[in-house]
Amino acid sequence: MHVTLTNNAPTSGLPLYIIGNNLHLPPGTNQARLCVYSAMNLDSWELTDADREQPWERIPEFGVTAFCRSVSIPPGGAIDVTMHFSGQVTPTDGNGAAWVQPLTSEFVLAGTRSQG
């Protein structure tokens, strides 16, 4: 699996409450938590920020494993992540699994406005 994560934030020109952070990183830097879900084993990986000292966390979730770690993406930059998996996925009844992102569902907000 290969993915490129891009950060289009500028280094200046916006207030620090927008491009700043509490991690003492340069303005515009994106500190993200990357998680990849797989039913297979993670054999090897490459990351262009190359912090090989930081291992991937293996977290069982939803019947598969979430491989997670923090990544820093510099302002105006990008990082490439390549992960190599091995193993075999056990066949199911054909229904598979589908997860719904909770914040993408439409909803209706109803209420009353009170004076006071």
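Going by the numbering used here, the first residue of the sequence shown is number 32, and it counts up by one from there.
C-beta atoms are modelled at their ideal positions from N, C-alpha and C, and glycine is treated no differently.
Predicted model, so just to flag it, every value in this text is computed and none were measured.
Decide yes or no for the touch test of the region 35-51 against the region 88-99: beta carbon pairs closer than 8 Å, at least 3 of them.
Segments in contact, no.
According to DSSP, which residues form a beta bridge with F98?
V67, R89, per the DSSP bridge assignment.
With burial defined as no fewer than 16 other Cβ atoms inside 10 Å of the residue's Cβ, what is the status of T96: buried or exposed?
By the 10 Å Cβ count, T96 comes out buried.
Alpha carbon to alpha carbon, what distance is there between L56 and H33?
Answer to the nearest angstrom: the Cα atoms are 26 Å apart.
With DSSP as the reference, identify every bridge partner of L73, one or two as the case may be.
Answer by DSSP bridge pairing, in chain order: F116.
By the three-class DSSP mapping on this structure, what secondary structure does L54 have?
Three-state DSSP puts L54 in coil, outside helix and strand.
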